[in-house]
Each structure stands twice: as C-alpha cells, then as structure tokens.
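Encoded as structure tokens, the structure appears first; notes follow it.
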Amino acid sequence: QEWQEAADSRAELLRYLKEQVPQIFCLKKESSPQEEEELMQSRLLHPLECFLFGEDPQEGLEKLKQGSASSQLCGRVFKEGETVYSCDCAIDPTCVLCMNCFQDSVHKSHRYKMHASSGGGFCDCGDVEAWKIGPCCSKHDPGAATAMVTDECALEPELYERAEKLFRVLLRYITDFLVWEENFELPAELQPRTKDNAYYCVLYNDEHHSYDHVIYTLQRSVNCDQAEAQTHTALIDKEQGRRAVKRGTFRSCQQAKDLIRANSEHISLQPLRVEILPAAVMAHQTFTLRLGSWFQKIIGYSGFRQAFCQVALEPNADRDQPCLISRLMLHDARMYKARKIVHELIFCSMLMETEFKRLFAIEFTKHYKQLQKDFINDDHERSISITALSVQIFTVPTL
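Numbering (full-length UniProt numbering), first residue to last: 1 to 399.
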C-alpha cells in the first residue's frame, strides 16, 4: 500500500531492497539454504507479489488461472542432457519436441530421431512455423491451430499498470547488478546507511585452468587446506560459475586477489579472473539470480509476459544506452553462468509472443556483429553463449 501511494514508488521499492537484501544474503554467518529461502519468500518475494496483485497473491493467482486459457506453445526450456525428439515433419533440424509433447503427438508414429540436448533450447510444440504437419500435441492443440498470435492482454488495466511499474524497477535492478563491473559504485538509492568494510574476493570459472591448477592456486593464496580448496573449485564449476573464496576487509581481499593472480599466472600464462566486491553488492547479485527464477514463474501468465516484454524492449530514456534486454545481451560474455538465467527469461518471454519475438529479433540482429566478436573472445562454449539463440531467430521463415 505504501509503495503504491508513494510519489516515487521506484525509490520506495529500492529503499526496501537496500534494507532487506543484505540482511538475508551474504551475512558473516552462513545461514542454511532453507532458512535463506524462507526469509527471501516472506520478506522479499511476498511483499513484491502483494504490490503486484494489490491483494493476497494467492487469491490474485487463482483469479488469473481462472481467467486465462492455457498457451498453445509449450516453450519448455531444456536442461543439459534432457532427451529431445525431432521428426522428418520438422521444417529444419533445429525444431524439436520435449518428451511429454512427443508422446502426445502424431510424430510418435513417424520417422523420428532422439538425442540429448546440450541445454538452452526449447520445445517447439505449438509453433505452426516449425512443423509441416502436426504442430501441436493433444495438450497444446487449441482446436484450430492459429499462428502464435500475441493475445489481447487479459489483465485488468490497474493490474497491468502495476505489473509494468514493478517489472520496470526489478528488471533494471537485475540488469544493473548483472552487468556490474568491479569499480562501480552502488547507486545512491542502494547505498547502505553505514559504510561497511566487508568485502568478498570472488573467483570466476574459466576454461584455461584445470581443477588441479585452481586447487593448487587457492591453497597457496587464501590459506585453505586441500579439502576446502576442492570444495571451492567444484562449486565454482557447478554453481553460478563463480564463488567467494574469502571474506574480509578490502585490504585483505586485495592481497588474496594479487596472490591468486600471481600464482595462477605462474602455472598458466593467463591469470584466473578474480574480483573484489562489497558484501552489499554480492548480496544484491545473489538476490538478482533468485529474482530471475521468480520472473520465470510469474511470466507464465500471458498478461504478465506481455508487460515484461514491453519493459525489457522499451527504448532507454538515455538515447545512447540500449534497451534493458540489449544491455544484458551485450554483457553476456562477461556474465559468468548467470547468463543462463537471462537466456531462460528470453525463452519464457519474448520467444513466446509473436510481436515481441519480432522486436527482439530486430534488437538481436542490430547487435549481432558485436555479440559474435564477444563470443570469439570469450573462452566458454557456444551452448552457454547468447549467440546460440540465432537458431531460434534466423531459422524462422516469417522473421
């Protein structure tokens, strides 16, 4: 209610995040994942949902479920190693089905192939441009298969307006923290009241150094034993592509950074990528990734999806700056594994709505040359690069 009535609801929302986020994430004592999850739900996501719906979120969601027809498109985003199916009926080899849609489709009795997904693609069930016949399984067949048209927005005007307002603040917040550079200052609205001299020394994944190299480097740089170094190394690779290997004052983190770079450069000609981040920034970045997952759930509803696309693609007030989704794309190569969240958001939103898919394709093409250059300079595989989205765009006849 307070945020709704505030003259500047953006400032109010950010002020609330400034107070709450650092209290939940990246505190000195590591809270259990379950405790962290519960605090995030009750103190962050629940208030945001109350603002969005203007009532109890459960009641708001129930109304939405009753009022919205199920989507004709499946759009399931594949995990790495998941079984996917292609058929001779596909327009080209990039058109595939997830297991559930395949089992409920006519293609089950055709000449089909199955293979393991490298992750990142999505199910083309329901897309009439992807199949010569049988574009929909029984679950996604709307009766008369119409091309995936952006529906009239089913949200009440006040709800749509609140969604746009909230998404604009949150998507900019996500973008600012995902494109964060080491020397950036926190924006005024998020500056802590008291200056905290707590920092993290953060180590990033790369493809130049082996596990053993990283373990060796950590043992010599941050005063940890082999077991601890192995844990850090495994989590850097498995989690988000980075990990805090030390917490302390700026000076102690700077010493650790210098040692990590020197020791890793000694083994391989290239030093490991390591940054020093204020604890508050680390906390906001941690919440940013959780917000990405929250958005994926919320934009499962067509009206919210359209509001999200509208905000992500709207031109920046500063003419020299690209729109929010382009800022994220242009930073893709620097974005550790958090880029996966961004790619999944694109799949769940812009690629599910015809008109926004067209507008996104224009943005993607506008920056294509730069994205390819960044990919060539990046040391990670194509499957986790934004450039892999080209098959979702340049193979579509109407685009």
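Glycine included, each C-beta is placed from N, C-alpha and C at the ideal position. A quick note: this is a predicted structure, and the numbers were derived from the prediction, not measured.
With respect to Ile384, Gly121 sits apart: the two C-beta atoms are not nearer than 9 angstroms.
Rounded to the nearest whole angstrom, the C-alpha separation of Phe304 and Leu155 is 8 angstroms. The segment 13–25 makes contact with the segment 190–200, as at least three CB pairs between them are under 8 angstroms.
Per DSSP, Arg251 lies in no beta strand (DSSP E); the unbroken alpha helix (DSSP H) holding it starts and ends at 250–267. With contacts defined as CB atoms closer than 9 angstroms, Met329 and Val202 fail to qualify as a contacting pair. A Cβ-Cβ distance of about 5 angstroms is found for the pair Ala116 and Gly81, placing them in contact under the 8 angstroms criterion. Ranked by how close their Cα comes to the Cα of Gln372, the residues Thr398, Asp332, Gln230, Ile346 have Asp332 in first place. Partner residues in the beta bridge of Tyr199, as assigned by DSSP, are Gly248, Pro278. Under DSSP, Val77 takes part in a beta bridge, and its partners are Phe122. For the segment 168–230, the continuous beta strand (DSSP E) assignments of 3+ residues that do not extend past its boundaries occur at 199–204, in sequence order. Its chain contains Ala361, Phe364, Leu399 as the residues whose beta carbon lies nearer than 7 angstroms to that of Ile393, once the 5 sequence neighbours on both sides are disregarded; these appear in chain order. The count of Cβ pairs closer than 8 angstroms, one atom from the segment 275–295 and one from the segment 213–228, stays below three, leaving the stretches out of contact.
Per DSSP, Thr354 has no beta-bridge partner at all. DSSP, read as helix, strand or coil, puts His107 in helix. Shown here for Thr94: same chain residues with a beta carbon closer than 7 angstroms to its own, the five before and five after excluded, namely Val391, Thr395 in chain order.
In the DSSP assignment, the residues bridged to Leu97 are Tyr85. Secondary structure remark: continuous alpha helix (DSSP H) runs of at least 4 residues inside the segment 27–68, in chain order: 33–40, 46–53, 57–67. Nearest to Tyr211 by alpha-carbon distance, out of Gln230, Pro135, Phe375, Asp176, is Gln230. If you look at His367, you'll find it isn't in any beta strand (DSSP E); DSSP assigns it neither H nor E.
Our two residues, Pro397 and Arg242, have alpha carbons roughly 39 angstroms apart in a direct line. Relative to the Cα of Met40, the nearest Cα in the group Phe25, Phe53, Gly54, Cys50 belongs to Phe25. Scanning its chain for C-beta atoms nearer than 7 angstroms, with the 5 sequence neighbours on each side dropped, one finds around Glu49 the residues Pro57, in chain order.
Beyond the five residues adjoining it in sequence on each side, Cys98 comes within less than 6 angstroms, by CB distance, of Arg76, Cys123 in the same chain, given in chain order. Taking the Cα positions, Arg162 is about 25 angstroms away from Glu38. The beta carbon of Lys366 sits closer than 8 angstroms to the beta carbons of Ser326 from its chain, once the five residues preceding and following it are set aside; these are given in chain order.
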